[in-house]
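Chemist: Position 264, counted from 1, in the sequence shown is what my numbering calls 502; the numbers after and before it change by one each time, with no gaps.
Beta carbons: idealized from backbone N, C-alpha and C, even for Gly.
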Amino acid sequence: MRTPISVGLIAVLTAVTVVFGPGASAGRPATADGLADLPALSPVLACADVPGLDLTGVTDAPVTIRSATVVGGNCEVQGTIAPADTIVLRLPVDGWTQRYVQTGCGGLCGNARISYPQAATCPVIADGTVASATTDMGHQGLNDGSWAAGNPQAQIDFAYRGVHVTAQVAKAVITRFYGHAPRYSYFTGCSDGGREALMEAQRYPHDFDGIAAGAPANNMVVQNTFHHGWNVVTNKDAAGNFILLADRLPLIHQAVLDACDRLDGVADGVLDDPRQCRFDPATLICRAGQAASTCLSTAEAGVVRRLHDGAVDAQGRRLEVAIAHEWGSELDWTLFVPTAQGQTVASENFALSYLRYLRDPNQADPAYQLSDLDFTVESFWRVVQSSSYMAAMDPDLSAFQRGGGKLVLWHGWNDQHISPQTTLAYYDAMRETMGQRTVDRFAKLFLFPGMAHCGGGAGPNTFDVLTPVMAWVESGRTPSAIVASTVADGTVTRTRPVYAYPAVARYDGTGSTDDAANFVPVTPRHQPADDYTWVGQRLYSHGYQTWCTAYGTDLVCRPADTWLTRRQRVTA
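1) Of all Cβ atoms in chain B, is any one closer than 8 Å to the Cβ of L802?
2) Looking at C-alpha atoms only, which residue of P390, V403, V508, D598 is the closest neighbour of T463?
3) Give me whichever residues DSSP pairs with I196 in a beta bridge.
4) For a minimum of 3 consecutive residues, which ranges assigned as the beta strand (DSSP E) are wholly contained in the stretch 727 to 768?
5) In this structure, what does DSSP give as the bridge partners for Q340?
6) If you scan the stretch 402 to 487 from start to end, which runs of the beta strand (DSSP E) of 3 or more residues do you find wholly inside it?
7) Can you grab the Cα-Cα spacing for the pair V368 / L329, in whole Å?
8) My assumption, with CB atoms under 8 Å, is that S625 sits in contact with L793. Please give the rounded CB distance.
9) Enumerate in chain order the residues of its own chain whose CB-to-CB distance from D374 is below 6 Å, with the five nearest sequence positions on each side excluded.
10) Please state whether the Cβ-Cβ distance between D832 and T359 is less than 8 Å.
11) Leaving aside the five residues before and after A663 along the sequence, list all residues of the same chain whose C-beta is less than 7 Å from its C-beta, in chain order.
12) Between the Cα of A719 and those of L802, F757, C692, L534, spot the shortest distance and give me the residue it belongs to.
13) Please report the distance separating the alpha-carbon of A589 from that of T404.
14) With contact counted as at least three CB pairs below 8 Å, one residue from each stretch, are the stretch 279 to 295 and the stretch 406 to 421 in contact?
15) Could you tell me which whole alpha helix (DSSP H) segments of length 4 or greater appear in the stretch 613 to 699?
16) Check whether the Cβ atoms of A435 and A450 lie closer than 8 Å to each other.
17) Relative to the C-alpha of Q514, which residue among C498, A392, A526 is closest?
18) Using only CA atoms, which one of R804, A681, Y737, A690 lies nearest to W710?
19) Could you check the C-alpha separation between Q461 and P277 for me, to the nearest Å?
20) Within 10 Å of its beta-carbon, does Q775 have 16 or more other beta-carbons around it, so buried, or fewer, so exposed?
21) Please tell me whether Y338 and M708 are closer than 8 Å, where the distance is taken between their beta carbons.
22) Using only the alpha-carbon positions, how far apart do V308 and G383 sit?
23) Just curious, the alpha helix (DSSP H) that P361 is in, first and last residue?
24) For Q316, which residues in the same chain have their Cβ closer than 6 Å to its Cβ, ignoring the five residues on either side in sequence?
25) Whole angstroms is fine: what's the gap from V494's alpha carbon to H563's?
26) Given this structure, state the Cα-to-Cα distance separating T811 from L489, to the nearest angstrom.
27) Nearest by alpha-carbon distance to W772: which of T614, Y789, G714 is it?
28) Compare the C-alpha of G452 against each of R804, H691, G695 and name the closest.
29) DSSP three-state call for D570: helix, strand or coil?
30) Thinking just about the alpha-carbon of each residue, which of A629, V736, G714 is nearest to the one in T784?
31) Can you give me the C-alpha to C-alpha distance between A410 and D292, rounded to a whole angstrom?
32) By a C-beta neighbour count over all protein chains shown, 10 Å radius and 16 as the cutoff for buried, is A767 buried or exposed?
33) Name the two residues that bound the continuous beta strand (DSSP E) containing L327.
34) My guess is that L483 and T582 are in contact by the Cβ rule of under 8 Å, so how many angstroms apart are they, rounded?
35) Taking I523 as the reference, give the member of A537, R516, D510, P512 with the closest Cα.
36) Which residues in the same chain have their Cβ closer than 8 Å to the Cβ of N587, if we skip the five residues on either side of it in sequence?
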C-alpha cells in the first residue's frame, strides 16, 4: 500500500515544476517528470526476518539490526553500525520502484529521522515507492557538542564515516529484502546535510548516482567559529551589552527594500540578486531632531555594516568569505540579534559547541567563552586545523563526475545561518579546478531569491529539488529551472522560476508577477564582481584533506604533514 497524499501536498505538487534543458534525453523510457519508467518490485523477504540478516563484511564494523516492523506500508528498520551509528531504514512493502534515497541530518546531528528537505513533493517520494535511510552520524542527542569529548570515533563518524557506512548497509539490506539492488541511489540534505552531501561526492564518489546539496555547511569549521562568533561579538559594546536589538530589524529591512527592491524590475519585497544592492546603513543614522524610532544610532549602523560584511581582523583582513549576510535577509537576523539584553542568541550556542568540543579533537575545553576567540590571522590558522576532516571543501569532484554522478547545489539568498557566498565560492572553485565546461556537464547551482535557511523567508520557498537530480541521472535531462512556490495554509499564492546560475528570472511585462509563466531567463551581461579573497581561501582546494583513526581517546589523522598543518606551524 502506498502512502496517501494530503490535499495540501497535492496543492504544492501542482505548483512545483522542473524545467529541463533541450536535447538532453538519453533515450531511456521516462515519465513526464523525466524519471525512468521502472517496474515496481515486491519484497522477497518478510519484514520480520530483516533482523536475522547476516551483514558480516558489508562495511568496516559489525552491524546489528534491532527491529523491523511494518508501519504505514513500510518495513521500518532500526539498527546500529558499530560502534554507535544509529541507522533507520524505510522499505516499501508494496511497489518499490528500485530507487534508494538517503537523507541528511542538520546541526551537529545526534538523531536519526528520515526527512526530505525540499524533496517531499518528488513523485516517487510522495507516493512512497522509494527505499530510504538516514543516520544519527555516530552519537545521540547533545547538540552542544559535548558528545565529542574523549570520543574520537564519534568525531570521525560525524565528519564523514557515518553517512558512508549507512549507505553501504542500507544498500545491502535493500538488496536482500527485495532480491534486487537499487537501480539508482540518491542523497539529499540541507545545512549540515548539504555538507554531508558534498563530503560523499568528495570522499565516496561511488555511493550515490545523484546528490542534492542544499545550503551546505561545507566550510564547517569557519562557519561554526569565526562566522557565528562574529555575529555575537561585533554586536557588543565595551560593557558587554548588545548594541543592536531585534526591534530595529524591520526598519533596516524596509530601508533595504526601498533602496533595492526595484533593481530586478519587480517590486515584490524580494531581492532577485542581493549582490546588486549597494545599500549603505549610514543612510539610516539619525539626523538632528529625527525621532529615534525612525533611524539608527551611529553604533547601530556600524553593527549592521559589520554583520553584512562578515568577520575581519584589526587590519580589515577577512576571516570568512564576504558577504556574511546578504541585504534583504534582515528580518531573519533574530538568529543572532536578540530581542532584549541578557539573552543568549543561537549564534553563540553554535560557536561555543564547536569551539569547546570540536576545535581541538583531543582536548575539550568546556569553559571556553567567545571572549577567548581572537579574531586574528594567527588564531584563524590554529582554529581551522580540523577543516582537514570536518570541512567538505575539496573542489575536485573528478571521480564523481567520471562515474556519471550528477550534483544540484542550491541555496537561499536570504540564508541567515550560512552565507550563500560560501556556496558560490565553492562552485567557483569547482569551475577553476575542473573547468567550466566539465562542471556544467554534471553540476548546477540554483539560488532562490528571498529564501531563508533551507526554507522559509519572504520569497517562494517550496520546491522539489530531487526530481531534477533523478531526471538528470535517469534520462539525461539537464535541469535548467526549478519553479518555487509560496504556500500559505495549503494554497499556492505565488510561483517564480529559479534558473540555473548565472541566469536569473526577469518579468516579461505581461500578466501577474505572482505567476511563474510570466518570467523568462536572462543571463546578465555583467555579473557582480564576487571577491573571494580572504585569509582562508586556500581551504577551497584539493590536497590537504586527511583520514582519521581513533586510538583510545586520541584522534590521529593522516597525512600529518599538509600545507594546512605547515601553515599553523608558521603562524604559531
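Modeler: For this structure:
1) No chain B is present in this structure, which holds just one protein chain.
2) Locating residue 463 in the sequence shown gives position 225, where the first residue counts as 1. With distances taken between Cα atoms, T463 lies closest to D598.
3) Given a span of 239 to 810 for the chain in the structure shown, any question on residue 196 remains unanswerable.
4) Runs of the beta strand (DSSP E) inside the stretch 727 to 768: 729 to 737, 742 to 745, 757 to 760.
5) In the sequence shown, the residue the question calls residue 340 occupies position 102. Q340 pairs with A371, F425.
6) The stretch 402 to 487 contains these whole beta strand (DSSP E) runs: 422 to 428, 448 to 452.
7) On the sequence shown, position 130 is the one that residue 368 refers to. On the sequence shown, position 91 is the one that residue 329 refers to. Their Cα atoms are separated by approximately 7 Å.
8) The residue labelled residue 625 in the question sits at position 387 within the sequence shown. The residue labelled residue 793 in the question sits at position 555 within the sequence shown. Not a contact, Cβ separation roughly 14 Å.
9) Locating residue 374 in the sequence shown gives position 136, counting from the first residue. Same-chain partners within the cutoff: T324, C347, G348, N349, A350.
10) The question about residue 832 has no answer here: the residues shown for the chain are numbered 239 through 810.
11) Start at 1 with the first residue of the sequence shown, and residue 663 comes out as number 425. Result list for A663: V559, Y770, Y778, in chain order.
12) Within the sequence shown, the letter at position 481 stands for residue 719. Here the closest residue by C-alpha is F757.
13) The count along the sequence shown starts at 1 and reaches residue 589 at position 351. The count along the sequence shown starts at 1 and reaches residue 404 at position 166. Approximately 28 Å, taken between the alpha carbons.
14) yes
15) 615 to 621, 625 to 628, 636 to 640, 658 to 672, 674 to 680
16) Along the sequence shown, read from residue 1 onward, the residue named residue 435 stands at position 197. Along the sequence shown, read from residue 1 onward, the residue named residue 450 stands at position 212. It is a contact, given that the beta carbons lie within the stated cut-off.
17) Taking the sequence shown and counting its residues from 1, the one referred to as residue 514 is at position 276. Q514 has its Cα closest to that of C498, out of C498, A392, A526.
18) In the sequence shown, counting from the first residue as 1, residue 710 sits at position 472. Checked all of R804, A681, Y737, A690; the closest Cα to W710 is A681.
19) Locating residue 461 in the sequence shown gives position 223, counting from the first residue. Locating residue 277 in the sequence shown gives position 39, counting from the first residue. C-alpha separation (whole angstroms): 44 Å.
20) Residue 775 sits at position 537 when you count from the first residue of the sequence shown. A residue is called buried when at least 16 other Cβ atoms come within 10 angstroms of its Cβ; Q775 does not meet this threshold and is exposed.
21) For the purposes of this step, residue 338 is taken as the residue at position 100 of the sequence shown. For the purposes of this step, residue 708 is taken as the residue at position 470 of the sequence shown. No. Outside cutoff.
22) Numbered from 1 along the sequence shown, position 70 holds the residue referred to as residue 308. Numbered from 1 along the sequence shown, position 145 holds the residue referred to as residue 383. Their Cα atoms are separated by approximately 34 Å.
23) The residue given as residue 361 occupies position 123 in the sequence shown. Segment 361 to 364, the alpha helix (DSSP H) holding P361.
24) Stepping through the sequence shown from its first residue, residue 316 is reached at position 78. Counting only Cβ-Cβ distances below 6 Å, and skipping sequence neighbours, we find R304, S305, V326.
25) Taking the sequence shown and counting its residues from 1, the one referred to as residue 494 is at position 256. Taking the sequence shown and counting its residues from 1, the one referred to as residue 563 is at position 325. Their Cα atoms are separated by approximately 13 Å.
26) There is no way to answer for residue 811, as the model of the chain reaches only from 239 to 810.
27) Taking the first residue of the sequence shown as 1, we reach residue 772 at position 534. W772 has its Cα closest to that of T614, out of T614, Y789, G714.
28) Translated into positions along the sequence shown, residue 452 becomes position 214. That would be H691, whose Cα lies nearest to the Cα of G452.
29) For the purposes of this step, residue 570 is taken as the residue at position 332 of the sequence shown. DSSP places D570 in helix when its eight states are reduced to three.
30) Mapped onto the sequence shown, residue 784 falls at position 546. Comparing Cα positions, the closest option is A629.
31) Your numbering for residue 410 matches position 172 in the sequence shown. Your numbering for residue 292 matches position 54 in the sequence shown. Approximately 10 Å between the Cα atoms of the pair.
32) Taking the sequence shown and counting its residues from 1, the one referred to as residue 767 is at position 529. Classification of A767: exposed, given that the 10 Å Cβ count is below 16.
33) Counting from 1 along the sequence shown, the entry for residue 327 is found at position 89. Membership of L327 in the beta strand (DSSP E) is indicated by the continuous run 323 to 330.
34) Reading the sequence shown from its first residue, position 245 is the one you call residue 483. Reading the sequence shown from its first residue, position 344 is the one you call residue 582. Their Cβ separation, rounded to whole angstroms, is 14 Å, which puts L483 and T582 out of contact at 8 Å.
35) The residue you call residue 523 lines up with position 285 of the sequence shown. Considering only alpha carbons, the answer is A537.
36) Indexing the sequence shown from 1 puts residue 587 at position 349. Hits under 8 Å: D382.
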